[in-house]
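Here the structure comes first, spelled out in structure tokens, and everything after it is commentary.
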Amino acid sequence: MPNTHHRRRRQLLRAAAAGLIAGYLPGGSARAVADPIIKRRIPASGETVAAIGMGTWITFNVGSDPRARQQRTEVLRTFLDRGGQLVDSSPMYGSAEAVLGHALASIERTDPLFAASKVWTPDEDATREQVARSERLWGIDRFDLMQVHNLVAWEAHLETLLAMREAGELRYVGITTSHGRRHRELERIMRERPIDFVQASYSLANREAEQRLLPLAAERDIAFIANRPFQGGRLIDRVKRHPFPGWAREAGLANWADALLKFIIAHPAVTCAIPATSRVDHMRENMQALRGPLPDEALRERLARHVARL
Ligand SMILES: NC(=O)c1ccc[n+]([C@@H]2O[C@H](COP(=O)([O-])OP(=O)(O)OC[C@H]3O[C@@H](n4cnc5c(N)ncnc54)[C@H](OP(=O)(O)O)[C@@H]3O)[C@@H](O)[C@H]2O)c1
Numbered sequence: 004m005p006n007t008h009h010r011r012r013r014q015l016l017r018a019a020a021a022g023l024i025a026g027y028l029p030g031g032s033a034r035a036v037a038d039p040i041i042k043r044r045i046p047a048s049g050e051t052v053a054a055i056g057m058g059t060w061i062t063f064n065v066g067s068d069p070r071a072r073q074q075r076t077e078v079l080r081t082f083l084d085r086g087g088q089l090v091d092s093s094p095m096y097g098s099a100e101a102v103l104g105h106a107l108a109s110i111e112r113t114d115p116l117f118a119a120s121k122v123w124t125p126d127e128d129a130t131r132e133q134v135a136r137s138e139r140l141w142g143i144d145r146f147d148l149m150q151v152h153n154l155v156a157w158e159a160h161l162e163t164l165l166a167m168r169e170a171g172e173l174r175y176v177g178i179t180t181s182h183g184r185r186h187r188e189l190e191r192i193m194r195e196r197p198i199d200f201v202q203a204s205y206s207l208a209n210r211e212a213e214q215r216l217l218p219l220a221a222e223r224d225i226a227f228i229a230n231r232p233f234q235g236g237r238l239i240d241r242v243k244r245h246p247f248p249g250w251a252r253e254a255g256l257a258n259w260a261d262a263l264l265k266f267i268i269a270h271p272a273v274t275c276a277i278p279a280t281s282r283v284d285h286m287r288e289n290m291q292a293l294r295g296p297l298p299d300e301a302l303r304e305r306l307a308r309h310v311a312r313l
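The structure is reproduced here in structure tokens:
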């Protein structure tokens with residue numbers, strides 16, 4: 004398996020070098036040169052992706068109500084118009100995938116979407132069936148990234164997903180957790196299996212991933228998606244009750260959402276943060292984090308100390 008993985012990695016790198024994958028930036032630089040949008044390299048390929056993505060848990064689970072669907076379409080349109088690419092969903096999120104599919108069908112797009120969903124079923128034989136169902140719901144031919152959700156039946160699903168990747172039916176394979184659950188097992192998978200992405204919780208108020216997961220992701224060339232960047236809303240609600248500090252504004256940060264998200268994507272091992280929102284005005288705030296200067300280590304620590312006191 005490692006040989007196959009390395010062969011594929013070489014193929015993808017060759018494709019990137021030949022200019023087949025747009026926007027390749029050497030060295031993992033957080034600031035693009037020609038492109039003002041902050042992008043990060045996916046280590047498995049060298050391809051880049053915008054460092055702010057979009058989550059859909061709860062926020063896109065709005066069923067078939069036409070007004071709610073139209074409103075979420077505007078949230079997605081705002082995300083894509085501002086340079087967003089990676090959208091993360093799951094069969095676990097109720098109607099979210101169907102609502103996404105409806106929104107995608109209504110939006111005329113020129114920029115590439117980076118479609119990421121998950122396999123979430125204890126049935127070890129249902130991997131392909133679930134991926135096919137999600138493709139139908141999204142209205143796409145192929146996922147960029149398919150992740151095993153919360154390590155559920157992960158051995159069997161991972162084996163099938165890796166075979167699908169090998170056959171070109173998926174581009175990348177990953178595995179997810181959240182709330183700090185089962186990190187040791189996740190670490191073992193990261194060490195032993197040829198996965199491209201890992202997803203776990205990481206935010207200014209939950210820095211556990213800095214201890215082991217993020218260094219391991221960097222060491223193993225695995226892209227890292229930070230979920231729950233606002234701690235499910237708790238963190239941003241708390242900080243927004245306080246004025247945004249002048250020293251943070253002087254350092255080039257626009258508002259609380261910008262600061263919390265840039266704190267995350269400034270970590271060198273993070274590929275993408277995926278805040279979820281049901282509101283266009285919040286999406287506009289969040290997407291500011293795709294542009295402008297990133298905080299250095301001293302500023303990150305100052306932000307963390309300040310927020311801890313609020
Ligand atoms: N195991 C897993 O695989 C796993 C687990 C957890 C999460 N995830 C993924 O990660 C994504 C993000 O995590 P999450 O949805 O749990 O939480 P989150 O992104 O940390 O927080 C979402 C909450 O923040 C609020 N919010 C967003 N932007 C805001 C802004 N600018 N100002 C004020 N409030 C704002 C939203 O409310 P409004 O709607 O009012 O804006 C929403 O209630 C999920 O949607 C999902 O895709 C994956």
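Each position in the sequence shown, counted from 1, maps to that position plus 3 in the numbering used here.
Glycine is no exception: its CB is placed at the ideal position from the N, C-alpha and C atoms.
Continuous alpha helix (DSSP H) stretch holding residue i: start and end
{"i": "residue 290", "result": "283 to 290"}
{"i": "residue 279", "result": "Looking at the DSSP string, residue 279 is not in any alpha helix (DSSP H), and its letter there is neither H nor E."}
{"i": "residue 268", "result": "259 to 268"}
{"i": "residue 76", "result": "69 to 84"}
{"i": "residue 124", "result": "It is not in any alpha helix (DSSP H) - residue 124 carries neither H nor E in the DSSP assignment."}
Distance CB(residue i)-CB(residue j) smaller than 7 Å
{"i": "residue 98", "j": "residue 64", "result": "yes"}
{"i": "residue 140", "j": "residue 188", "result": "no"}
{"i": "residue 267", "j": "residue 279", "result": "no"}
{"i": "residue 302", "j": "residue 262", "result": "no"}
{"i": "residue 143", "j": "residue 170", "result": "no"}
{"i": "residue 175", "j": "residue 219", "result": "no"}
{"i": "residue 256", "j": "residue 206", "result": "no"}
8 Å CB neighbourhood of residue i in its chain, flanking five on each side removed
{"i": "residue 32", "result": "Per-residue confidence for residue 32 stands at a pLDDT of 35, beneath the threshold of 50, marking its modelled position as unreliable; the derived number appears in the next sentence. Cβ neighbours of residue 32 beyond the five flanking positions: none."}
{"i": "residue 210", "result": "307"}
{"i": "residue 304", "result": "none"}
Close beta carbons around residue i, own chain, < 6 Å, minus the five adjacent residues each side
{"i": "residue 224", "result": "46"}
{"i": "residue 311", "result": "none"}
{"i": "residue 137", "result": "100, 120"}
{"i": "residue 10", "result": "Residue placement at residue 10 is poorly supported in this model, since its pLDDT is 45, which falls under 50; the coordinates are not used for a value here."}
Spatial neighbours of residue i in its chain, beta-carbon cut-off 7 Å, leaving aside the 5 residues before and after
{"i": "residue 202", "result": "150, 177, 179, 228, 230"}
{"i": "residue 62", "result": "279, 280, 281"}
Limits of the beta strand (DSSP E) - the one that residue i falls within
{"i": "residue 146", "result": "146 to 151"}
{"i": "residue 203", "result": "200 to 204"}
{"i": "residue 174", "result": "173 to 179"}
{"i": "residue 44", "result": "42 to 44"}
{"i": "residue 89", "result": "89 to 91"}
{"i": "residue 52", "result": "51 to 53"}
{"i": "residue 229", "result": "226 to 230"}
Taking contact to mean at least 3 C-beta pairs separated by less than 8 Å, is the region 99 to 116 in contact with the region 71 to 89?
-> With a cut-off of 8 Å, the region 71 to 89 and the region 99 to 116 count as touching, because enough Cβ pairs lie within range.
Three or more beta-carbon pairs under 8 Å between the region 191 to 200 and the region 150 to 167, yes or no?
-> Touching, yes, given that three or more Cβ pairs across the two stretches are closer than 8 Å.
Evaluate the contact criterion for the region 46 to 65 versus the region 275 to 289: three or more CB pairs, one atom per stretch, below 8 Å.
-> In short, these stretches touch, since the Cβ pair count reaches three.
Evaluate the contact criterion for the region 152 to 160 versus the region 125 to 135: three or more CB pairs, one atom per stretch, below 8 Å.
-> Contact between the region 152 to 160 and the region 125 to 135 is established, with three or more Cβ pairs separated by less than 8 Å.
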